[in-house]
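What follows is a set of notes on a single structure, which appears directly below.
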Amino acid sequence: MTYDVTIDGRSYRLELSQAEGRWSCRIDGREVAVDAVLARPDVLSLRIGDQAFEVKCERVGGELHLWVGSQRFSAEIRDPRSLRGRSRSADDQGPKKLTAPMPGKVVRILVTQGADVEAGAGVLVVEAMKMQNEIKSPKKGTIQRILTEEGAAVNAGDVLAIVE
Amino acid sequence: MTYDVTIDGRSYRLELSQAEGRWSCRIDGREVAVDAVLARPDVLSLRIGDQAFEVKCERVGGELHLWVGSQRFSAEIRDPRSLRGRSRSADDQGPKKLTAPMPGKVVRILVTQGADVEAGAGVLVVEAMKMQNEIKSPKKGTIQRILTEEGAAVNAGDVLAIVE
Amino acid sequence: MFNKILIANRGEIAVRVIRACHEMGIAAVAVYSDVDRASLHVRKADEAYPIGAAAAKESYLNIAKILDVAQRSGAEAVHPGYGFLSENAKFARACADAGLKFIGPTAAAMDAMGSKTRARQAMERAGVPFVPGTSRGLESLEQAEEVAARVGYPVMLKAAAGGGGKGMRLVAAPRDLKSALEGARSEAERSFGDSEVYIEKAILNPRHIEMQVLADEYGNTVYLGERECSLQRRHQKVVEEAPSPIVDLDMRRRMGEVAVRVAQAAGYTNAGTVEFLVDQEKNFYFLEMNTRLQVEHPVTELVTGLDLVHLQIRIAAGERLPFRQEDVQIRGHAIECRIYAEDPDNNYFPSPGKITLLLAPSGPGIRRDSGMYEGWNVPMDYDPLLAKLIGYGTDRDQAIGRLSRALSEYFVGGIKTNISLFRRILRHPEFRQAKLDTGFLDRLLKEKEEVQTDPQAAEVAVIAAGMFAVLGPAGASVGEQTQAGTPGDASGNVSNWKRTALRESRH
Amino acid sequence: MFNKILIANRGEIAVRVIRACHEMGIAAVAVYSDVDRASLHVRKADEAYPIGAAAAKESYLNIAKILDVAQRSGAEAVHPGYGFLSENAKFARACADAGLKFIGPTAAAMDAMGSKTRARQAMERAGVPFVPGTSRGLESLEQAEEVAARVGYPVMLKAAAGGGGKGMRLVAAPRDLKSALEGARSEAERSFGDSEVYIEKAILNPRHIEMQVLADEYGNTVYLGERECSLQRRHQKVVEEAPSPIVDLDMRRRMGEVAVRVAQAAGYTNAGTVEFLVDQEKNFYFLEMNTRLQVEHPVTELVTGLDLVHLQIRIAAGERLPFRQEDVQIRGHAIECRIYAEDPDNNYFPSPGKITLLLAPSGPGIRRDSGMYEGWNVPMDYDPLLAKLIGYGTDRDQAIGRLSRALSEYFVGGIKTNISLFRRILRHPEFRQAKLDTGFLDRLLKEKEEVQTDPQAAEVAVIAAGMFAVLGPAGASVGEQTQAGTPGDASGNVSNWKRTALRESRH
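Residue numbers (my numbering), protein chains in the order written: chain A, 7 to 170; chain B, 7 to 170; chain C, 37 to 543; chain D, 37 to 543.
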């Protein structure tokens, strides 16, 4: 298994495999001795050499974060065989999706389908826990589609609109 | 659904069904208004009328206990359509199984296959956490089969021997 | 003593009050809205009654429905918690009329403190120090200009009915006064239906320090020491501690005696909090009185060894204070972190949703007051406070050490929380040196998160990311590593997880 | 201060020491046996080293392997916890020889206290009160008869090397002495490889009260108050509390001063405990000294506000005691319950296995020191202690109330525990009145469990049993009730669980 892993913006080439009942692991070609136990779903007890770490995996609305002790890292992992990887890389060019960062209620839609928007322009407003959050356009372009309506309840990661 | 439920030795006839999005429930023919939410696996938040209860389900080695708050009740439930129910009732006559009450190691077997035993006579000894526990025969009879050996590791509920 | 108490609240505070009831052998009655049937306070209550839709005005703010439940359940008293109806004099009065004991001050005392201007007037008479300014609403821009000139710029405009920073404006110079006054008035009108605005001298980088008071119904009033609450964001407290690092015995006595005078001037009973602004020279000024139990009451409980909710209930039941002022001793140091469902990657915007995994800290010196549990779906309709993590220590350093340790054990999966923020706060040199003021947190959040990430930890994250990807869904079943394979034989473990996963899906 | 400490233990005490290290900024090195790779202390450590097979002599009792890990990891000190090597003078000496600081007393002090007879001789010289009897091993039956006649029957025979009740015999009358002496000697020989037996006057229904002492390496020794440990089963403590309900200020001072004299007579350093037997007239007699941290140390921490493990580490690092005797104040009351993996339906026989569900209590006045977690497989190879639940209160009643509340929230699924036993103890009238002695628990267990079960609760159990049967495997997936169906619409909920179950099995 080979992955491209990006941690807080810096990327690493990770090779992981199992043979004779051991993990073998290379980071950017360098061999690393690892031993892992899954203590709970999303909680790994890792030994790297004799160093011990508890790592927790935070998955919210398509985002991936890893906690090493109380340090929190944003992570991206690409793997030719993983769907998520593919869709991710696809995201980089072409139309951009606006997704809901958290569950909430769409209280206002600020633009109409087909309208031109500047990068950073507000597209719609989502409310949760008595606070309103303006979802902004990630790029200059045209609102290709609006996939929600005022008053609608949305979940984290739901696609609300597409800008192209 | 109709069940015969035995709680701390006393049995009740329980009828449970769901219709128009409500549980309906009768105990020994008496209607009871209930509302339930499964908070976690084996943890029920129950409302009976407006009384609220948290009930936890303890399943260890074939035994069933229910905790209502900090009160612990031993429970047996019989249901013609449930395997467990059948085997249970079957248990009541014929050969008796000796099961391991907890995981451990068989350190001694005190009788040989075919031997006659009195009710309460020691059949084998299981050790766990530095303590030894003598498993006794539930009835007067003959050791039909011994299904383990000295030194063997056993899990809770494993059948160790059969007396008939 | 009461046999049954209704808790007119939800979340961690409802759970905390239910626990106090059970500890005292009192039956606890919960109320819940449509989205709270599975909430922890319903699980823990002895009786639970649905009171309507998610919107607070349909349920937790609906006086008629709550009184109806009190009648039907036969509750003898109501604990309002904080927020919702806790400072609503109309509710306190309605309880009294219905023959229910309201666990808190009288409606009259609430009225006296409810309006900041009326409170200031009462305090003036009682000779309580407060920030120079007007004790009455401003009649005109001219009056505002005249007062501002007298007390000196910068000045602060505040809504008389205010709270949570609504209707507040900082004015640095005369030319800004007009627009600020108009803005404050219209915002106050919108927020509280009352446009009354008054003016105060602005204290720059003040500390926010509050004093806990407790009064029985026989005229005995004591103070239980102060809480340092200077760490705020959007005028919301985030970290509180007791004692305040800058308050010595003498200052505590002086603040405490003023707080007792404030309470007595208002004919106050039960638990309350007197808030002060403290300037660089440690002068303290009366700000307002909170006529309820505070979110941060646990830090006071830890350093005094008392249980404020037990005492609230005893006082409401007509008991006398079981101790005198000289019996109150502050020992050790306590710090509270408010765990919110907030997204650190999105300006700490609320982040409700389903909690898929919960690792909760415990151990020496750690108290956790929580309203959440694994598998619970945090509703989007209410305040994002999930839990409070409180660390106690022999001294402030030990409290910080224990709290930092506990925070590194705390993890909430499935939603985002502000837990990572506290790590930044607790390691910050200024926090360690107790250099605190109400601007601290905004400054910290402007500082770029330490760019240089610990490279070793980052590599650990890389490896873990890969393993989680390899394990994939198998990660959804807990392993049986210890019994399987040879130790440290992770592939043995993995295959085990796979087996477990299969077994489970066969259900 | 040390940079790195090795913890030569497992379970809750290893976790507790690791936490203390992290709180003080010290790296923690764990060791683990083959069945402990997934144990909590390995998850929490900064470094972890495998040291061999499950059998303790292959791993946690293997001095050579542990010293080797200390060398390789560069640890500067070793904390032994309790049990295993904690009272092994050979290990303390081996650490010293290897240039490792042993966090505990010197080997010499351990030797002085290791043999009960030698300890008695030292105490005699120091003028410490102890139970009348011999301070030397018995040479002959005649000598035994002579001493027994002098001190008066009933008498107790005890193994000099004894512990855990091994080699102990109660002798009611002269005619039983011969066989009892032979029995005690052979059992002592078998258990400790040392047949030395001595004789003491038997104190009937004594209380077991112990005094915590702390000594730095500059001759400063203080006492931190007593612990009441009379609730025992199979000579194992089950419930401990501080302070003892029968000890007043004067008795505490007298016991404390004796304990300090005991420690000083042995040249004792670091934390230790002096155990006393107390008779009906409150006379106290020296029993033995435990030269380690006790399982029950948390109750002392809660009433003194101190952290004994932090202090152990500071003392071992050469620091002086940071306070004097007169600074030590006992405030409030604390009670500890030892949560064991034991089967209440099978005479409290150990019950290891996989923990399928864990509901852990928290909230006001509750401290939980735990070595378990949900999904962990409790190995069958070690002591069944899973966790300690400690309740603190302003007074004993409040501590009992909080502890009872917390116990009702505590649930461990998949294995059996003794949690239900504490409910019986805490509601027992004699316990409530603090009428405690070492026979209390055996008497309680002989009492038939209250036959008349609460009929309402029983009906609740009936309904729940049926629902768990209906939900069946769906119960294996956590519901999303709050978001689905109308409130209190359980069928809506059930179908939801079903859906969830399906969704999950599709992985």
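Even for Gly, the Cβ is constructed at its ideal location relative to N, Cα and C.
Note that the coordinates shown come from a computational prediction; the quantities given were computed from them, not determined experimentally.
At the C-beta level, D/Thr392 and D/Gly449 come within 8 Å of one another. Residues of chain B whose Cβ lies closer than 8 Å to the Cβ of C/Ala81 are, in chain order, Ala58. Secondary structure note for C/Pro86: its beta strand (DSSP E) is the uninterrupted segment 83 to 86.
Scanning its chain for C-beta atoms nearer than 8 Å, with the 5 sequence neighbours on each side dropped, one finds around D/Ala224 the residues Ala195, Ala196, Ala197, Gly198, Lys202, Gly203, Asp230, Ser231, Glu232, Val233, in chain order.
Contact fails between the segment 377 to 397 of chain C and the segment 347 to 361 of chain C, because fewer than three Cβ pairs, one in each stretch, are under 8 Å apart. Secondary structure of D/His464 (DSSP, three-state): coil.
C/Leu462 is classed as buried because its beta carbon has at least 16 other beta carbons within 10 Å across all chains shown. Counting of Cβ neighbours within 10 angstroms places D/Ser215 among the exposed residues, the total staying below 16.
Closer than 8 Å to the CB of A/Val43 there is at least one CB belonging to chain D. A distance below 8 Å separates the beta carbons of D/Leu439 and D/Cys373. Residue contact with chain C for D/Glu337: present (Cβ-Cβ distance below 8 Å to some residue of chain C). A/Asp85 places its beta carbon less than 8 Å from that of C/Ala505. Taking 9 Å as the upper bound on Cβ-Cβ separation, chain D lies near residues Leu70, His71, Leu72, Trp73, Val74, Gly75, Ser76, Gln77, Arg78, Phe79, Ser80, Ala81, Glu82, Ile83, Asp85 of the segment 70 to 86 of chain B. Listed in chain order, the non-local C-beta contacts of C/Glu48 below 7 Å within the same chain comprise Asp405, Ser406, Gly407, Leu421, Ala423, Lys424, local neighbours out to five positions each way being set aside.
By a beta-carbon distance limit of 8 Å, C/Val65 does not contact C/Asp72. Their separation comes to about 14 Å.
Look at the beta carbons and you see the segment 108 to 121 of chain D touching the segment 131 to 141 of chain D: at least three pairs across the two are nearer than 8 Å.
Along the segment 141 to 199 of chain D, the beta strand (DSSP E) occurs as fully enclosed runs of 3 or more residues at 191 to 195, listed in sequence order. In chain order, Pro101, Ile168, Val169, Glu170 place their CB closer than 7 Å to the CB of A/Gln150, counting only its own chain and leaving out the 5 sequence neighbours on each side. Out of D/Ser227, D/Arg221, D/Gly219, D/Ala184, the CA that lies nearest to the CA of D/Ala208 is found in D/Ala184. In the displayed model, A/Pro101 falls within coil according to three-state DSSP, outside both helix and strand.
The three-state secondary structure of C/Val283, taken from DSSP, is coil.
Between the beta-carbon of C/Arg52 and that of D/Pro400 there is about 7 Å, and that keeps the pair under the 8 Å contact cut. C/Val274 is outside the set of residues whose beta carbon lies under 8 Å from a beta carbon in chain A.
With at least 16 other beta carbons inside 10 angstroms of its own, B/Ala106 counts as buried. Pairing C/Phe322 with C/Pro165 gives a Cβ-Cβ distance under 8 Å.
Straight through space, the alpha carbons of D/Arg297 and D/Asp133 are spaced by roughly 29 Å. When the Cα atoms are used, C/Tyr304 and C/Val310 turn out to be separated by approximately 11 Å. Distance from the Cα of D/Ala92 is smallest, within the candidate group D/Gln107, D/Gly341, D/Tyr68, D/Asp315, for D/Tyr68.
Listed along chain C, no residue sits closer than 7 Å to D/Gln469 by beta-carbon distance, the nearest being about 17 Å off. Counting only runs of at least 4 residues, the segment 387 to 460 of chain D fully encloses the following alpha helix (DSSP H) elements, listed from N- to C-terminal order: 432 to 445. As a beta-bridge residue in DSSP terms, A/Ile33 pairs with A/Leu20, A/Arg36. Remark: C-beta atoms of D/Pro415 and D/Ala89 do not approach each other more closely than 8 Å. When secondary structure is reduced to three states using DSSP, C/Asp473 falls in the coil class, being assigned neither helix nor strand. Chain B places no beta carbon closer than 8 Å to that of C/Ala106, leaving this residue out of the contacts. Listed along chain D are Phe385, Pro386, Ser387, Pro388, Met416, each with a C-beta nearer than 8 Å to that of B/Ala134. Assignment of beta-bridge partners to C/Leu250 by DSSP yields C/Val258, C/Ala307.
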